[in-house]
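Taken in order, the sequence shown gives residues 13 to 210; the numbers are from the working numbering. I have placed the structure first, in the form of structure tokens, so that the comments after it can refer back to it.
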Amino acid sequence: MPAPPVPVDRLDGAWERVEDATETLFGVEGADVRGHTVVYENTALRAAVREATDDAVDQSRRFFFATRLAFRPPLAPGIGSAMVLPSVKTEALRRFADDLTERGVDAVERGRRERIRTEDRSRITLRQVTGEVALPEGAPVPVEGWVGAWADGDIRLAGGAYPRSSLADRFPDLDDPALDGSSDDYREELFDLVRATG
């Protein structure tokens with residue numbers, strides 16, 4: 013299965029591809045849904061947080077992923093990708109929330125919806141997922157993630173997550189530009205990456 017299109021030209025030197033895998037994700041309409049997923053993480057931010065917490069926190073808090081789906085066996089005649097999209101969206105949201113939990117995010121909750129268009133004009137409804145990450149000292153860091161699914165012949169998924177508060181404020185003794193981003197900047201960059209994946 014080919015990899016999903018990813019705007020690698022927009023993933024500057026701070027980002028690194030950390031996963032490129034094909035696996036069975038779930039089942040729908042009597043078929044196994046297989047996905048080819050690529051995951052990029054902001055390794056500069058991860059390294060800065062690891063240093064700031066003396067290696068106590070070593071999980072990616074800012075990542076982007078894209079997945080292309082295929083069905084085995086193929087969907088029955090008369091069942092198009094748009095017909096199974098609602099089931100795929102539900103399952104994608106569940107798996108994304110589980111993934112955040114596995115990445116050390118606590119109190120994971122589903123939030124609001126946001127509609128965007130990809131650069132090829134496909135419509136996507138992104139779903140928000142929020143939570144928080146405990147730190148060795150001080151209040152936990154809030155985390156926000158978004159995931160969406162759409163059909164343009166193939167079914168694709170894309171999304172990611174980022175800190176929802178300034179890490180530079182949390183670690184003022186560490187002068188590292190990787191900590192300087194704001195949640196608004198992170199959200200806009202994530203949405204731009206999702207738009208460019210379409």
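Glycine included, C-beta positions come from ideal geometry on N, C-alpha and C. Computed from a predicted structure; not experimentally measured.
Element boundaries [alpha helix (DSSP H), containing residue i]
| i | result |
| --- | --- |
| R107 | S93 to E114 |
| V206 | S195 to T209 |
Opening and closing residue of the beta strand (DSSP E) in which residue i lies
| i | result |
| --- | --- |
| L179 | That residue, L179, is in no beta strand (DSSP E); its alpha helix (DSSP H) goes L179 to R182. |
| R73 | No beta strand (DSSP E) holds R73; DSSP gives it neither H nor E. |
| E35 | W27 to V40 |
| A163 | V153 to D164 |
| L87 | Run containing L87: none; DSSP gives neither H nor E here. |
| E53 | A43 to N54 |
| G150 | Taken as a continuous stretch (DSSP letters only), G150 belongs to no beta strand (DSSP E), as it is neither H nor E. |
Neighbourhood of residue i by C-beta, 6 Å cutoff - its chain only, sequence neighbours within 5 removed
| i | result |
| --- | --- |
| Y198 | Y174 |
| L138 | E126, W158 and G160 |
Given residue i as reference, the closest of the options once Cα atoms are compared
| i | options | result |
| --- | --- | --- |
| L37 | V45, V30 and L23 | V45 |
| L205 | V61, L169 and A56 | L169 |
| A82 | T55, D181, I167 and D111 | I167 |
| T102 | F76, T113, V40 and I128 | V40 |
| V120 | V155, R84 and D196 | V155 |
| V50 | R62, T65 and A33 | A33 |
| I91 | T113, I136 and A43 | A43 |
Assumed close pair residue i, residue j - CB separation to whole angstroms, cut-off 8 Å
| i | j | result |
| --- | --- | --- |
| E126 | Q140 | 7 Å |
| A109 | R124 | With a Cβ gap of about 14 Å, A109 and R124 do not count as contacting. |
| W162 | S134 | 5 Å |
| P19 | R80 | Contact flag wrong, Cβ pair sits at about 15 Å. |
| L186 | A60 | 7 Å |
| V100 | L87 | Incorrect: roughly 11 Å between the Cβ atoms, too far for contact. |
| L191 | L202 | The pair is not a contact, with the Cβ atoms about 17 Å apart (cut-off 8 Å). |
Same chain only: Cβ atoms within 8 Å of residue i, ignoring 5 sequence neighbours per side
| i | result |
| --- | --- |
| D118 | G143, E144, V145, A146 and P152 |
| A94 | A163 |
Where residue i falls, given that 16 or more other Cβ within 10 Å makes a residue buried
| i | result |
| --- | --- |
| G25 | exposed |
| E35 | exposed |
| A68 | exposed |
| D66 | exposed |
| R73 | buried |
Residues of its chain near residue i, where Cβ-Cβ distance is below 7 Å and the 5 sequence neighbours each way are ignored
| i | result |
| --- | --- |
| G116 | Q71 and V145 |
| P17 | T209 |
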